[in-house]
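Engineer: Numbering that gives the first Met the number 0 puts the sequence shown at residues 0 to 643. Even glycine gets a Cβ: it sits at the ideal position worked out from N, Cα and C.
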Amino acid sequence: MVPVSENSRPSNQAKPMCPIKFAAAEKQAAAFNEKVTKLIDLIEYPECISNTFLNCLGNILVVESLPCARAIAYDKEVHLRVITTRGEDVRHTGVMSAGKLEQGNKSTLLTFAPLVEMREREVELWQQMDQLKVDLKRNESLSREYERLNSELTEKARKLTQIKNNMKNSEIGVVQKDLDEAKKVIADSEQEIATKSKELAELQTRVRNLDLMKNNDKNSQDKRKKELQRLLREADERAKQNKDQADAAKQNILTLSAGVDDLEASLKKDEEEVNNKKKAIEEFQAKLPSAEAELQAALAEEHQVQTKIDEQKSRLRQASSRLAKLSKEADALRREEGKTRQKKEERENEVTRLIEAEKANEKHAKAMEKKNEWIKDEQVNFNKKGGNFDFEGYTTKKGSTEVNELNEKIEKLERCLCVKNVSNLDTCEARVIDIKNKREKLKEDFAMLKTTIAVLDTRKVAELEKAYASIDNDFGKIFNCLLPDADAKLRPPEGKTFHEGSNLHELSGGQRSLVALSLILAMLKFKPAPLYILDEVDAALDLSHTANIGMMIRTHFRNSQFIIVSLKQGMFSNADVIFQTNFADGHSTCTRLVGDALERAKNDARLAIEAVEFDKKQAEEEHQEKQQKKNKNKKNAAEAGPSN
């Protein structure tokens, strides 16, 4: 369908037919004793889409017979498209349809014939709809009266329920319950007072007996004096407690008595209120039969009105359904006309395109056969019934029929379903599908990560084993070079594997430096680099070890370059290039030694002597520290012996 807004857009094609061409067409039609007519003059259409119809049908002519149509279409002065009343379509380009269409033998013009009847039926249905609206408006007062009576009925029922609840939940029961509890508290208090009075009398009797025993038994007076005093104190305390409790009980009795008086007064008021409620209930019960009669009458009237409303709604639904069906049929015919026009225009270039496409398809088929060898194997199954490549029974008409059936089902379901809920359902389903897809994607990614981690762990173990073997070999060689007549190997600690390690806390500074330097250089031999920078790695080593480091670097790292910061002559003797740094007047300078200066630096005896003296001094200090520790241990052992 073409939007109405497109009709106002200017177009160069929306022009009336040339009068000269139409006169030439009439001349050709007169030769066949026929009349020629413009197709646009035979069609009724709204003025709002006049440009669209003029653009589509303005240059099409209609005649009776096919020979007349050919003569007009192929005339040099006309050169217009001509349609016969039987449906043949003749174009001046040479493309002609024989009148048989895919929808049957009916022509396009005959297809639109029922449209007039449908329009008359549409007008009639609109009139029926207007009558139904009038009926609904007439019954509107009855509907309002029904709603008013129903509201009054609901209000009276609510008031009746409220009165019944007030009777059930009266304050009389609550007051009676409080009175019973107060009487029970008074009885308990009186019983407790009697019990305490009895205990007090027993204690007084016991005191008198003790006094008699005191007078009669003078010999045991001193012995039992303390016991009697204790008993007297306990009796006095119990008597005091009993007295306090008795006072509290009396106070409670007075309080409860006052509460009972208040409750009796409240009870009288509640009895008066209950009598008033009973009178009100009797009045409502007297009015109840008349209210029920009014309710029954209102319900009967409501039923009648509802029946009429249902009938009117049913008629309105039927009319709306028929009107919607007719509108859909009209829209379908319009769509069919557009499709037919589009198909006719597409057929103009279809012959030429098919010829070119045939050549291209043959070329493409040969290329596909070369690319996909399975085509030759499956070619015997093409168009085979019941097979995977059977498309013979499926046509466009069959597909259109299935689409129409599905559309009818959708229309039926739309009458009993809420469109808003359907749209919400679609949104929720889309979200659920999206979440499921994301979850599946996450599962796939998680599985891929686990697989990758497992592969990387395997590769890590393999690389560690390979590195362990290589570094172990180079570690022994480098350590032997640094410390002649010594051997070193990499072995895992007890109870651990080569994946784990341990710190070198038990080694001295020099030993730790040699071992660490050997291990680091052995690791660098496994993955060598072109350049290394070492900053005073010989600081904790003597001169001989420094010279050994230089020899080791020259021997094992011939393909690498080292930049070493050192202050010892043993490192200078193995260097290829020496740079000397100075700090003077707040500025640092760096000078490269060449020639004689380089040889003096390598063979400087003074530096060698100073290095030897420094090593001896350091060795003596270590020896003295060891001797002091040894003497201290002996002294501690001697002191511990006598004490044991």
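Check for me: the beta strand (DSSP E) holding A23 runs from which residue to which?
Structural biologist: No beta strand (DSSP E) holds A23; the alpha helix (DSSP H) holding it covers 18–30.
Engineer: For K488 and F474, I'd like the C-alpha separation in whole angstroms.
Structural biologist: When rounded, the distance between both Cα atoms is 7 Å.
Engineer: Buried or exposed: M367, going by 16 or more other Cβ atoms within 10 Å of its Cβ?
Structural biologist: So M367 ends up on the exposed side.
Engineer: Please state whether DSSP places K495 in a helix, a strand or coil.
Structural biologist: In the structure shown, K495 falls within a coil segment according to DSSP collapsed to helix, strand and coil.
Engineer: Look up S644 in the DSSP assignment and say whether it is helix, strand or coil.
Structural biologist: The structure shown does not extend to residue 644, since the chain is modelled only from 0 to 643, so the question has no answer here.
Engineer: So for I42, helix, strand or coil by DSSP?
Structural biologist: coil
Engineer: Can you find the residues in the same chain that come closer than 6 Å, C-beta to C-beta, to A521, ignoring five residues on each side of it along the sequence?
Structural biologist: I470, D473, F474, I477
Engineer: Flag this pair as yes or no: are the beta carbons of T36 and L60 separated by less than 9 Å?
Structural biologist: Yes, Cβ-Cβ distance for T36 and L60 is below 9 Å.
Engineer: Buried or exposed, going by whether 16 or more other CB atoms sit within 10 Å of the CB of P18?
Structural biologist: exposed
Engineer: Quick check: what's the CA-CA separation for P365 versus N348?
Structural biologist: In the sequence on display, residue 365 carries Lys and not Pro. Their Cα atoms are separated by approximately 26 Å.
Engineer: Going by the beta-carbon positions, is the gap between A318 and L124 smaller than 9 Å?
Structural biologist: yes
Engineer: Since R80 and N58 are thought to touch, with beta carbons under 8 Å apart, how far apart are those beta carbons, to the nearest angstrom?
Structural biologist: Contact between R80 and N58 holds: CB atoms are separated by about 7 Å, below the 8 Å threshold.
Engineer: Looking only at C-alpha atoms, which of I374, K225, N403 sits nearest to A327?
Structural biologist: Reading off the sequence, residue 327 comes out as Lys, not Ala. Here the closest residue by C-alpha is N403.
Engineer: Quick test of the definition: if touching needs 3 or more C-beta pairs under 8 Å, does the segment 568–587 touch the segment 539–548?
Structural biologist: yes
Engineer: Identify, in the order they occur along the chain, each residue of the same chain with its Cβ nearer than 8 Å to the Cβ of E361, setting aside the five sequence neighbours on each side.
Structural biologist: none
Engineer: Mind checking V379: buried by the 16 CB within 10 Å criterion, or exposed?
Structural biologist: exposed
Engineer: Please report how far the alpha carbon of V273 lies from the alpha carbon of K267, in whole angstroms.
Structural biologist: 10 Å
Engineer: Quick check: the Cα distance between E121 and D330, rounded to an integer number of angstroms?
Structural biologist: 13 Å
Engineer: Are L533 and L513 closer than 9 Å when you measure CB to CB?
Structural biologist: no
Engineer: The beta strand (DSSP E) that contains I48, what's its start and end?
Structural biologist: Careful: I48 lies outside any beta strand (DSSP E) and carries neither H nor E.
Engineer: Just checking my contact of A297 with N149 at CB under 8 Å: how many whole Å lie between their CB atoms?
Structural biologist: Correct: roughly 7 Å between the Cβ atoms.
Engineer: Tell me which same chain residues have a C-beta within less than 6 Å of the C-beta of Q27, skipping the five on either side of it?
Structural biologist: A70, I71, D74
Engineer: Assuming I82 contacts L38 under a Cβ cut-off of 8 Å, what Cβ separation, rounded to an integer in Å, is found between them?
Structural biologist: 7 Å
Engineer: Assign P641 to one of three DSSP states: helix, strand, or coil.
Structural biologist: Annotation note: pLDDT 45 at P641 (below 50); position unreliable, coordinate value reported separately. Residue state, collapsed to three classes: helix.
Engineer: By the 10 Å Cβ neighbour count, where 16 or more other Cβ atoms means buried, how is L405 classified, buried or exposed?
Structural biologist: Around the beta carbon of L405, fewer than 16 other beta carbons lie within 10 angstroms, which makes this residue exposed.
Engineer: For the alpha helix (DSSP H) that contains T351, what are its first and last residues?
Structural biologist: 349–370
Engineer: In its own chain, which residues sit with a C-beta less than 7 Å from the C-beta of L325, not counting the 5 before and 5 after it?
Structural biologist: M117, R120, E121
Engineer: Using three-state DSSP, classify F582 as helix, strand or coil.
Structural biologist: Three-state DSSP puts F582 in a strand.
Engineer: Using only CA atoms, which one of D88, Q623, T400, C67 lies nearest to K342?
Structural biologist: D88
Engineer: Applying the 10 Å Cβ sphere with the 16-neighbour rule, what's the burial state of F52?
Structural biologist: buried
Engineer: Taking a contact to mean a Cβ-Cβ separation below 9 Å, would you say I577 touches L566 in this structure?
Structural biologist: no
Engineer: Out of curiosity, what's the CA-to-CA distance linking D486 and A515?
Structural biologist: 14 Å
Engineer: May I ask which residues mark the beginning and end of the beta strand (DSSP E) holding T83?
Structural biologist: 80–83
Engineer: For F582, which residues in the same chain have their Cβ closer than 7 Å to its Cβ, ignoring the five residues on either side in sequence?
Structural biologist: none
Engineer: Which residues does DSSP list as the beta-bridge partners of C589?
Structural biologist: Paired residues: T580.
Engineer: DSSP on Y531, reduced to helix/strand/coil?
Structural biologist: Correct three-state label for Y531: strand.
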